[in-house]
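Under the working numbering, the first residue of the sequence shown is numbered 16, with each subsequent residue one higher. Data first, discussion second: the structure below is written as structure tokens.
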Amino acid sequence: MKRESDFFMKFRVLLLILTAVFLVSCASPLSEDRGDAEQVLRKILSRFELPCGVVYSDAENAEYPLTDSLIERMFSDGHGVPAFEYVTSCAVYFSRHFTEHEIVVIKICDRSHREEVMNLCRRRAEKKEDAVVYADGVYVYLICTDQNHEILKAIK
């Protein structure tokens with residue numbers, strides 16, 4: 016009798032552990048979806064004091080719309096921007112002062128296209144001084160400010 020109750024107790028514990036492992040593996044990580052690109056960018060801007068600037072976004076209610084022509088000017092070297100077909104949302108902060116402060120947040124449809132989008136950002140970063148390109152999950156960041164390292168720490 017005691018052996019049967021020990022067996023069932025061990026079986027229940029094993030079942031609970033397997034259920035917990037299954038639930039954890041199916042749930043998406045908390046860092047995976049932080050919202051669209053504009054929401055992520057606004058969180059960064061609210062946390063750091065940057066020069067007065069403008070946020071361009073592809074969101075429907077954006078104050079300054081991020082148009083295809085602006086994206087072409089930013090990322091295309093006359094070759095078009097085919098990697099942008101994997102982008103679900105994009106937002107860009109430009110400083111209004113004559114600094115080259117810029118933050119680009121791009122949300123892609125899945126991680127498999129991350130390298131292509133990062134290469135676009137790297138090409139743009141080469142044209143800037145002290146620009147950093149970073150990816151985390153489905154988000155790709157191009158950061159060019161005097162607070163790059165602090166912003167990267169906050170994102171990570």
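The beta carbon of each residue, even a glycine, is placed where N, CA and C say it ideally should be.
Straight-line gap, residue i to residue j (C-alpha atoms, nearest Å)
i, j, result
"K168", "G50", "19 Å"
"P66", "R111", "7 Å"
"Y156", "K143", "14 Å"
"D151", "N163", "15 Å"
"A106", "D73", "7 Å"
"D161", "I170", "16 Å"
"V96", "E87", "7 Å"
"R57", "K122", "14 Å"
"S91", "L60", "26 Å"
"M133", "E75", "25 Å"
"R129", "I32", "34 Å"
"A146", "R27", "54 Å"
"E115", "A77", "22 Å"
Own chain partners of residue i with C-beta closer than 6 Å, once the 5 adjacent residues on each side are dropped
i, result
"E131", "A98"
"D117", "The amino acid at residue 117 is misidentified as Asp; the sequence shows Glu. Excluding positions up to five away in sequence, the list reads F109 and C159."
"T103", "K122 and C124"
C-beta atoms of residue i and residue j nearer than 8 Å
i, j, result
"V120", "V55", "yes"
"C136", "Y101", "no"
"R138", "M89", "no"
"V153", "R126", "yes"
"F176", "I166", "What is shown of the chain runs 16 to 171, which leaves residue 176 out entirely."
Bridge partners - residue i, DSSP secondary structure assignment
i, result
"I123", "V102"
"I158", "I118 and V147"
Beta-carbon contacts of residue i that lie in its chain and below 8 Å, excluding the five residues immediately before and after
i, result
"Y4", "The shown model of the chain, from 16 to 171, leaves out residue 4, and the question about it has no answer."
"M24", "none"
Continuous alpha helix (DSSP H) stretch holding residue i: start and end
i, result
"V55", "A52 to R62"
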